[in-house]
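Peer 1: Heads up: the protein sequence lines correspond to chains A and B, in order. Each residue of the first sequence is one higher than the last, beginning at 1069 in this note's numbering. Each residue of the second sequence is one higher than the last, beginning at 529 in this note's numbering.
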Amino acid sequence: MMDVTEFGHAVLAGKVAAGARAIRWLDDGDSRGAAVLRSIFAATGRAHVVGITGPPGAGKSTLTDMLVAELRKRERRVGVIAIDPSSPFTGGAILGDRVRMARHTLDPNVFIRSIGTRGQAGGLSRSTHDAALVLDAMGYDTILIETVGVGQDEIDVVNLAHTTVIVGVPGLGDEVQAVKAGLMEAGEVFVVNKADREGFEATLRQFELMLHLREQSRPEDAWSAPLLRAVANRDEGGGAIVDAIEAHRTFLKASDGFERRSGRREREQVLTLLRAQLVAEIMRGDRAASILDDVTARRIDPYSAADALMSDWRQ
Amino acid sequence: MLDDLPQRPLRVLLAKLGMDTHTVGVTIIAHALREAGMEVIFTGLKQTPEMVCAAAIQEDVDVVGISTLSAGHTRHLPKLARLLREAGAEDKLLLAGGVIPQEDQPMLLEAGVGKIFTMGADTRDIVTYLKAWWAERQAAEVP
């Protein structure tokens, strides 16, 4: 077994097995993951991180597959992180997004990883950010992050990606349901997939209206989000979507937007890690456990319990 | 509830090789493993040994399970075992299930298949076997 420093070198050299194992450690909360991350972090920040999100059944996996094909035509090296829900009851998961991407399995310039949410809300797993850093360090130019099927506010991917593609689809009932308001506020590229389906024109008009209202409330020099159509299972529309994704990257690069977005997510990660460490520290010991028991027995309310734990910890 | 979940779920890749398109068995097993708290990566049908090997490494699974119901196993399975070895992934458990005649089994085990479950095996037995294997593997890893 290699030591962690060698592991870091192997990841930086783009070795698939080493990168895959590093992601596993980070996903499992194994301390070796943090050690590898430490040794590769300085080399990260190059890749264009692109989120693909939308409601269940919008065809996100098939669209991702099409975008990989299009990016490969342009000789980009592509990493894919495909997230599916874990069972909140057993922790188990069936991760099936790869099925739609099978044609890229043997392409040495494509790396696909399936990840379960493992109890995290928001459409991603806790490890998604770290997994993207590993793929970045391995030298993938574009990293596509396909979220679980999302509803109104599961849009964590927006904080993680430089560019977010929102995928809608006709036929999810009321047109407004095609994509919820929370999603409309979030994305930089909008795609109505399954454009061969009945109800497509109505869905497209609904998107146009929402985007028009969105534009009005934003400054003039803000990115103007394009609305595109696709039939992903027939490989139609991929070129224009990748054009838009790369145009947004150019837009961000023209200012300091690209670095600012990556920087924001790294800073957010520091706070996330700090919160977890602090909570673990504060909750250590019998006294904390007994205060929680008091809350269960309703002898003390949660606000007072938190105050008591904080003041104990400060001393 | 969430606090009780295992921190390191076993990751299992399930695949079918060649032109075998019988999916009922593999689907039932996928659900049984999910119920047992495992992460199941399904790669689909008509896979080649090369594809399964590449996916197993990218996904860093612990177990590669191949369902085989229409022959071809004496060719595909030894090849997959060899590819995994050549890729330095011999630590992964290669599991085969389905229609595998008794007389083929010694050759497959010799070639690197770790365990064989034949047609009609109880999914609970597969879960029990994998849990025991995983517990042993994790115990061995602790320094």
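Even glycine gets a Cβ: it sits at the ideal position worked out from N, Cα and C.
#1: Could you please give the first and the last residue of the uninterrupted alpha helix (DSSP H) stretch that includes threonine 1318 of chain A?
#2: Please report the residue range of the alpha helix (DSSP H) in which isoleucine 1182 of chain A lies.
#3: For a quick check, are the C-beta atoms of leucine 1319 of chain A and leucine 1295 of chain A less than 9 Å apart?
#4: Could you give the DSSP three-state label for leucine 530 of chain B: helix, strand or coil?
#5: What residues from the stretch 1132-1160 of chain A come within 8 Å of chain B, judged by C-beta to C-beta, listed N to C?
#6: Suppose the cutoff is 6 Å on Cβ atoms and the five residues either side in sequence are ignored; what does the same chain contact list for alanine 1110 of chain A look like?
#7: On the DSSP bridge list, what partners appear for glutamate 1214 of chain A?
#8: Could one say the Cβ of serine 1049 of chain A lies closer than 9 Å to chain B's Cβ atoms, at least one of them?
#9: For chain A, is any of its Cβ atoms less than 9 Å away from the one on glycine 593 of chain B?
#10: With a threshold of 7 Å on Cβ separation, who are the neighbours of glycine 1097 of chain A within its own chain once the five nearest residues in sequence on each side are excluded?
#11: Does proline 728 of chain B come within less than 9 Å of chain A when only Cβ atoms are used?
#12: Is it true that the stretch 1149-1161 of chain A meets the stretch 1226-1237 of chain A, where meeting means three or more beta-carbon pairs spaced less than 8 Å apart?
#13: So, does the stretch 1295-1308 of chain A touch the stretch 1122-1141 of chain A, judging by three or more C-beta pairs under 8 Å?
#14: Residues in its own chain within less than 6 Å of leucine 533 of chain B by CB, not counting five upstream and five downstream?
#15: Determine the contact status of valine 1148 of chain A and isoleucine 1213 of chain A, defining contact as a CB-CB distance below 9 Å.
#16: Apply the 10 Å Cβ neighbour rule to aspartate 1224 of chain A and answer buried if 16 or more other Cβ atoms are within range, or exposed otherwise.
#17: With valine 1260 of chain A and leucine 1277 of chain A assumed to form a contact (beta carbons below 8 Å), what rounded beta-carbon distance in angstroms separates them?
#18: So that I know if they touch, is there some Cβ in chain A lying closer than 9 Å to that of aspartate 653 of chain B?
#19: May I ask you to report which of helix, strand or coil DSSP gives arginine 665 of chain B?
#20: If you draw a straight line from the C-alpha of leucine 530 of chain B to the C-alpha of aspartate 1369 of chain A, how long is it?
Peer 2: Let me spell this out:
#1: That run of the alpha helix (DSSP H) goes 1306-1322.
#2: Before going on, a small fix: residue 1182 of chain A reads as serine here, not isoleucine. Not the alpha helix (DSSP H): serine 1182 of chain A falls in the beta strand (DSSP E), residues 1178-1184.
#3: At residue 1319 of chain A the sequence reads phenylalanine, which differs from the leucine that was named. No, Cβ-Cβ distance for phenylalanine 1319 of chain A and leucine 1295 of chain A is not below 9 Å.
#4: Legend: pLDDT at leucine 530 of chain B = 41, less than 50; position of this residue unreliable, value from coordinates given subsequently. Residue state, collapsed to three classes: helix.
#5: Listed in sequence order: Ser1154, Ser1155, Pro1156, Phe1157, Thr1158, Gly1159 and Gly1160.
#6: Listed in chain order, the non-local C-beta contacts of alanine 1110 of chain A below 6 Å within the same chain number zero, local neighbours out to five positions each way being set aside.
#7: Checking the DSSP bridge columns, you'll see glutamate 1214 of chain A partnered with A:Ile1120 and A:Ala1150.
#8: As shown, chain A starts at 1069 and ends at 1383. That puts residue 1049 of chain A outside it, with no answer to give.
#9: No, no contact with chain A.
#10: Result list for glycine 1097 of chain A: empty, nothing under 7 Å.
#11: With chain B covering only 529 through 671, there is no way to say anything about residue 728 of chain B.
#12: Too few Cβ pairs lie closer than 8 Å, so no.
#13: Output reads yes: the stretch 1122-1141 of chain A touches the stretch 1295-1308 of chain A.
#14: Below a pLDDT of 50, predicted positions are generally treated as unreliable, and leucine 533 of chain B, at 47, falls in that range; no measurement from the model is reported.
#15: Closer than 9 Å, so yes.
#16: Burial call: buried.
#17: Taking C-beta atoms under 8 Å as the contact rule, valine 1260 of chain A and leucine 1277 of chain A fail to qualify, at a distance of about 13 Å.
#18: Chain A places no beta carbon closer than 9 Å to that of aspartate 653 of chain B, leaving this residue out of the contacts.
#19: For arginine 665 of chain B, the three-state secondary structure derived from DSSP is helix.
#20: Low confidence applies here, because leucine 530 of chain B scores a pLDDT of 41, under 50, leaving its location unreliable; read the following figure in that light. Cα-Cα distance, rounded: 22 Å.
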